[in-house]
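Inspection log for the structure reproduced underneath, given as C-alpha cells.
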Amino acid sequence: MADNKWGKRIIYQIYPRSFKDSNGDGIGDLNGIADKLDYLKDLGVDAIWLSPVYRSPMRDFGYDISDYYDIDPIFGSLSDFDNLIKKTHSRDMKVLMDFVPNHTSSEHPWFIESSSSKNNPKRDWYIWKSPKKEGIVPNNWLSQFGGPAWELDKKTGEYYLHTFDVSQPDLNWRNPQVVEEILNVMRYWIKRGVDGFRVDVAYYLFKDPFFRDEPHNPVFAEHHTHYDSLLHIYTIALPETLNMLKKLNAIVNEFDDKFMICEIYTFLHEIINLYRIVDHQSFAPFNFSFISLPWNATVQKEFIDEFDELVGHNYFPTYVLGNHDQPRVATKLGEGSARTAALLQLTLRGIPFIYYGEELGMKNVEIPEEEAKDPMAVNMKGFNLGRDPERTPMQWDGSRFGGFSNTEPWLPLEKEFQERNVASEVKDKKSFLNLYKSVINLRKTRKSLAGGRLIPLDFKNPNVLGFLRQEADEETFILANFSEEEQEVELPEGKWKTILSTKMDVENRKENSLLRLRPAEGIILCN
Ligand code: NOJ
Ligand code: CA
Numbered sequence: 037m038a039d040n041k042w043g044k045r046i047i048y049q050i051y052p053r054s055f056k057d058s059n060g061d062g063i064g065d066l067n068g069i070a071d072k073l074d075y076l077k078d079l080g081v082d083a084i085w086l087s088p089v090y091r092s093p094m095r096d097f098g099y100d101i102s103d104y105y106d107i108d109p110i111f112g113s114l115s116d117f118d119n120l121i122k123k124t125h126s127r128d129m130k131v132l133m134d135f136v137p138n139h140t141s142s143e144h145p146w147f148i149e150s151s152s153s154k155n156n157p158k159r160d161w162y163i164w165k166s167p168k169k170e171g172i173v174p175n176n177w178l179s180q181f182g183g184p185a186w187e188l189d190k191k192t193g194e195y196y197l198h199t200f201d202v203s204q205p206d207l208n209w210r211n212p213q214v215v216e217e218i219l220n221v222m223r224y225w226i227k228r229g230v231d232g233f234r235v236d237v238a239y240y241l242f243k244d245p246f247f248r249d250e251p252h253n254p255v256f257a258e259h260h261t262h263y264d265s266l267l268h269i270y271t272i273a274l275p276e277t278l279n280m281l282k283k284l285n286a287i288v289n290e291f292d293d294k295f296m297i298c299e300i301y302t303f304l305h306e307i308i309n310l311y312r313i314v315d316h317q318s319f320a321p322f323n324f325s326f327i328s329l330p331w332n333a334t335v336q337k338e339f340i341d342e343f344d345e346l347v348g349h350n351y352f353p354t355y356v357l358g359n360h361d362q363p364r365v366a367t368k369l370g371e372g373s374a375r376t377a378a379l380l381q382l383t384l385r386g387i388p389f390i391y392y393g394e395e396l397g398m399k400n401v402e403i404p405e406e407e408a409k410d411p412m413a414v415n416m417k418g419f420n421l422g423r424d425p426e427r428t429p430m431q432w433d434g435s436r437f438g439g440f441s442n443t444e445p446w447l448p449l450e451k452e453f454q455e456r457n458v459a460s461e462v463k464d465k466k467s468f469l470n471l472y473k474s475v476i477n478l479r480k481t482r483k484s485l486a487g488g489r490l491i492p493l494d495f496k497n498p499n500v501l502g503f504l505r506q507e508a509d510e511e512t513f514i515l516a517n518f519s520e521e522e523q524e525v526e527l528p529e530g531k532w533k534t535i536l537s538t539k540m541d542v543e544n545r546k547e548n549s550l551l552r553l554r555p556a557e558g559i560i561l562c563n
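See the structure below:
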C-alpha cells in the first residue's frame, strides 16, 4: 500500500466565527483558535480546516470574498494568521484553508470594475449576458439561495450570473486570466505556510458555453426548494470542471506534502471517477454518504463496501458526519447512534472529518426565522433551510457565555451547554469527548486501524454493520448496531475481546461466540 500521509490524518473543521473569541466582540477569531490548539492536539487531530477567513463583507459569512490575499479584520490580521500557522505546525498539525474559486463577493474590486462598463478589461472576468427579451432573464438557471441565478445590472443593462446569493457573482473560468489569478492565490497561501485547501463547490466552476435552459426535474416535489426543480446538467460537473480540478491539484503538487479536498455532493460512481481523473494522492473528493443515505446498516454497508473497494488501496476514502451546511449528527440520529456513527467514521479506512463540537455531541440550536443570520434562511423563508442552528458557539465550559466569549455571542449557545461542554466532558469518563479520544487513540496505536485493509463481514442481521481491519498479523473488528433494540451476532471464529464500547463501560471483556449488542451500541474488538 502506498504511504499516503494525508490518508491517515484526522481533519477537524473549524468554523472560525464560532470557535473561540479572543477579543470580546462575540465573534470567534484566529487568536482564539491559536489559544485552543493544545485542546485539538490532545484530542488527536492532525490537521485543521478553517472555513473562510479572507476579507469579506460576510453576506455568506466568508464564502463571499472581497480580497483573496488578506484576512478579514473580524478574524485578525495577516500576522495573526502567520502566527496561527506557526503555532499549529509547531504542534505537528497541518492547516487547510477554505478556498472559494467559483465566485467572489460583489464588493470584490474585480467585480466593481467588471460591472463598471461593458468594455471594462475585467468585464469578462464574470459571466454577463444580455436579456433574452426586454426584462427577461437570459435563461432558466436558478440560484441555490432562491430565485433566478441572474441579476440585472441596471447601469449596463446586462445580467450577471450568481449561483448563490446576489452578492456572490460567479467568476468566468473560461477566461484564462481568471484561471491564472486564482492559481496564484493558491500558490500565495501555500508559500505563506498553509498545507492545502478545501475547495468550495468544486463541481461548479464551468457553465455551459451555449447557456442552454436546464431541463425540469421529473422527481421534483413541492417541499423541495425551487433550485431542485431543474436538473443541473449545464451548470454542474462539466468535463471542463473536472479537468480544472486536475489543474488545481497540479498547483498543490508543486509543493511537498500538500493536500486538497473537494466539496462535491454526488453519487458513488462520480466520486470514484474523480479519484481516477485526478489520480494523485494529494487529492480527495468528500464523501457525504453518512449524511445523504439513511441511517440503516444494510444501506450503509452496501455503500461502504463498494466505495472502499473502488477507491482502491493507493487512495483513501473520506467520511463526514456533518459540516457548517448540515444539521448536526447528534440532532439527526440521537446521542446513541451519533456515538456509533463517530466510532464507524474513526475506524473505517480513510480520512475522517470532524466538525467542531461533534466530539462533544453538540446539537442544533433552534433559531427563530426572524432572528436568522444565514442568507439561505433569510432569502427562502418557510423551508427551514437556515444553517445557523449548526453554527452556534463551541461549548468550552459552563460559564456565562460557555467559555466562548466574555460577551453575548453572535449566535446563541445551546441550552444544555452547562452540561455539554469541554470542561465537564473531560471529567466524565463516559462522555462523548472521552469516546472520541479513546477511539482516536486506538486508531493511532493499532496499525490495522491506521492503514490496514477493510474486510467486509456479513452477519445476516440487517441491523448490524461489521467489518475487520487488518494489517500484517493484527486484526481489529468493529460492530455497530443501527437499531434501537438489542441485537445478537455470531462472532467469526477466534478468541475475541471487546476493548471499547460507545457506552464507555466495557474494557477487555472476553466474548463468547454469541455477542449481544445493546441498542445503538458500537464496539471495537480485538483478538
Ligand atoms: C458551500 C459552502 O459550504 C456554503 O457554506 C456556502 O454558502 C456555499 N458553498 C457558497 O460558497
Ligand atoms: Ca473576536
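Take this note's numbering: the last position of the sequence shown gets the number 563, and nothing is skipped along the way.
In this text, a Cβ means the ideal position worked out from N, Cα and C, and glycines have one as well.
How would you call residue i, buried or exposed, if buried means at least 16 neighbouring beta carbons within 10 angstroms?
i    : result
V255 : exposed
Q336 : buried
P145 : exposed
L550 : exposed
K269 : The displayed chain sequence assigns Ile, not Lys, to residue 269. Per the 10 Å Cβ criterion, exposed.
N359 : buried
N548 : exposed
L114 : exposed
G171 : exposed
Y392 : buried
A6   : In the structure as shown, the chain begins at 37 and stops at 563. Residue 6 is therefore absent and cannot be evaluated.
I559 : buried
P321 : buried
R312 : exposed
P88  : buried
P245 : exposed
Note down, in chain order, each residue of its chain lying with its Cβ closer than 6 Å to the Cβ of residue i, except the 5 sequence neighbours on either side.
i    : result
T334 : P498
P251 : L267
D361 : R423
M37  : Residue confidence is low: M37 scores 44 on pLDDT, short of 50, so the model does not pin down where it sits. No coordinate-derived value is stated.
G409 : Per the sequence presented here, residue 409 reads as Lys, with Gly not at that position. These residues qualify, in order along the chain: D424.
G182 : N415, M416
W164 : E194, Y196
C562 : T512, I535
N530 : It is worth fixing the name first, because residue 530 is Gly in this sequence and not Asn. Excluding residues within five positions, the ones whose Cβ falls inside 6 Å are N563.
Just reading off the beta strand (DSSP E) that residue i is part of, what are its end residues?
i    : result
M129 : It is not in any beta strand (DSSP E) - M129 carries neither H nor E in the DSSP assignment.
P388 : 387 to 391
Q49  : 47 to 50
L501 : 500 to 507
G232 : 232 to 235
K533 : 533 to 537
Among the options, whose alpha-carbon lies nearest the alpha-carbon of residue i?
i    : options                : result
Y196 : P212, Y239, T140, L267 : T140
D189 : N175, P167, L178       : P167
R489 : F242, E194, K227, T383 : T383
L86  : K483, I69, I101, S92   : I69
D236 : T443, D509, N138, N59  : N138
E217 : V136, F389, Y351, Y75  : V136
R248 : V214, P174, V131, G183 : P174
Y239 : T192, I300, H198       : I300
I491 : E510, S474, V475       : E510
S318 : G232, G397, L346       : G232
E524 : E507, G370, K496, K539 : K496
L369 : F303, K72, F326, G530  : F326
I514 : F503, P109, K531       : F503
Apart from the five residues on each side of it in sequence, which residues of its chain come closer than 8 Å, Cβ to Cβ, to residue i?
i    : result
L449 : V401, T428, P429, Q431, F437, G438, F440
I30  : No answer is possible for residue 30: the residues shown for the chain start at 37 and end at 563.
N544 : K533, T534, I535
E444 : G62, F437
Tell me which residue opens and which closes the alpha helix (DSSP H) that residue i is part of.
i    : result
V365 : 365 to 369
R479 : 468 to 481
R552 : Per DSSP, R552 belongs to no alpha helix (DSSP H); it is in the beta strand (DSSP E), 550 to 553.
F319 : Looking at the DSSP string, F319 is not in any alpha helix (DSSP H); the run it does join, the beta strand (DSSP E), is 319 to 321.
F74  : Correcting the residue identity first, residue 74 is Asp in this sequence and not Phe. From DSSP, the alpha helix (DSSP H) with D74 extends over 73 to 79.
W42  : Per DSSP, W42 belongs to no alpha helix (DSSP H) and is neither H nor E.
Quick one: residues in its chain with C-beta nearer than 7 Å to the C-beta of residue i, no 5 flanking neighbours on either side, listed in chain order?
i    : result
E521 : P555
L329 : V335, Q336, F339
K44  : A486, G487
G80  : I46, K473, I476, N477, K480
L178 : P184, A185, H262, Y263, L266
Y224 : Y105
Sequence-ordered residues whose beta carbon comes within less than 5 Å of a heavy atom of ligand 2
Near ligand 2, residues with a Cβ at less than 5 Å from any of the ligand's heavy atoms are D57, N59, D61, I63, D65; the list follows chain order.
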